[in-house]
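Please read the structure below before turning to the comments.
Written out as structure tokens, the structure is:
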């Protein structure tokens, strides 16, 4: 799902690198054609980047629904493969949640050990049902606390935060590129200005210190 966007960023990055080399060459050698190529290329790249960021912002709800659907496809969890369970255990441990949609009930009898609440848990916990696998080897009647909230809301929130950070980076890059375009235009304006160089008149009398004659010759010229 993300491969086209990744390939697009790779291609755009390569183009920006080439334009940067051309721009540095034009600034060092004072080549107008190179500076013009850099300016036009960066303006087009900035427009493309801005359009891409707006596109991502527009399809963000669709991407979120796709992520939700992809995780819910592994339901029911008690019949999921070992790789899915292993990945979900990491998610439950990191986000301090249990299950995907209906909390610990998604696990059925075999509630995962990653659902166990930590002592300094930041999320609410509930007592696990006594007819679950967590009480198989337990001798006393003390309750076992597990996370009560499902993981899907945390996953969606984390994904939206990541997408927003990506959009902010894209817009920041676009603004930086526009600043380089403005700087390049300023350099072009400096190159177009004609610098008036005063004529230099050489006279042998200057060696003898006769500056009056030198000034007169300069006026006659």
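In the working numbering, the protein residues as written are 505 to 725. Using N, Cα and C, we set each Cβ at its ideal position, and we do this for glycine too.
{"Query": "Buried versus exposed call for residue 539 [16 or more other C-beta atoms within 10 Å across all chains shown]", "Result": "buried"}
{"Query": "Segment contact flag, the segment 540-548 with the segment 670-679, C-beta cutoff 8 Å, min 3 pairs", "Result": "no"}
{"Query": "Candidates 620, 551 and 675, of which the one nearest residue 599 by Cα", "Result": "620"}
{"Query": "Own chain partners of residue 671 with C-beta closer than 7 Å, once the 5 adjacent residues on each side are dropped", "Result": "557, 560 and 561"}
{"Query": "Rounded C-alpha distance that separates residue 570 from residue 628", "Result": "27 Å"}
{"Query": "Enclosing alpha helix (DSSP H) for residue 688 [first to last residue]", "Result": "656-696"}
{"Query": "C-alpha distance - residue 592 paired with residue 585, whole-angstrom precision", "Result": "11 Å"}
{"Query": "Contact check, residue 588 vs residue 578, beta carbons under 8 Å", "Result": "yes"}
{"Query": "Candidates 607, 601 and 635, of which the one nearest residue 626 by Cα", "Result": "601"}
{"Query": "Span of the beta strand (DSSP E), counted from its first residue to its last, around residue 631", "Result": "629-631"}
{"Query": "Touch test, the segment 651-665 against the segment 682-689, Cβ-Cβ under 8 Å, three pairs minimum", "Result": "no"}
{"Query": "Proximity of residue 656 and residue 632 at Cβ, strictly below 8 Å", "Result": "no"}
{"Query": "Where the alpha helix (DSSP H) containing residue 608 begins and where it ends", "Result": "Here residue 608 belongs to no alpha helix (DSSP H), and DSSP marks it neither H nor E."}
{"Query": "Whole-number beta carbon distance between residue 674 and residue 553, since they are thought to touch under 8 Å", "Result": "6 Å"}
{"Query": "Distance CB(residue 611)-CB(residue 582) smaller than 8 Å", "Result": "yes"}
{"Query": "Sub-8 Å separation of residue 543 and residue 689 beta-carbons", "Result": "yes"}
{"Query": "Short Cβ contact (8 Å threshold) for residue 613 with residue 636", "Result": "yes"}
{"Query": "C-alpha gap between residue 644 and residue 623, whole angstroms", "Result": "20 Å"}
{"Query": "Residue of 564, 523 and 536 minimising C-alpha distance to residue 669", "Result": "564"}
{"Query": "Distance, residue 513 Cα to residue 528 Cα", "Result": "22 Å"}
{"Query": "Neighbour-count burial assignment, residue 596, 16 or more Cβ in a 10 Å radius", "Result": "buried"}
{"Query": "Euclidean distance between Cα positions of residue 523 and residue 664", "Result": "32 Å"}
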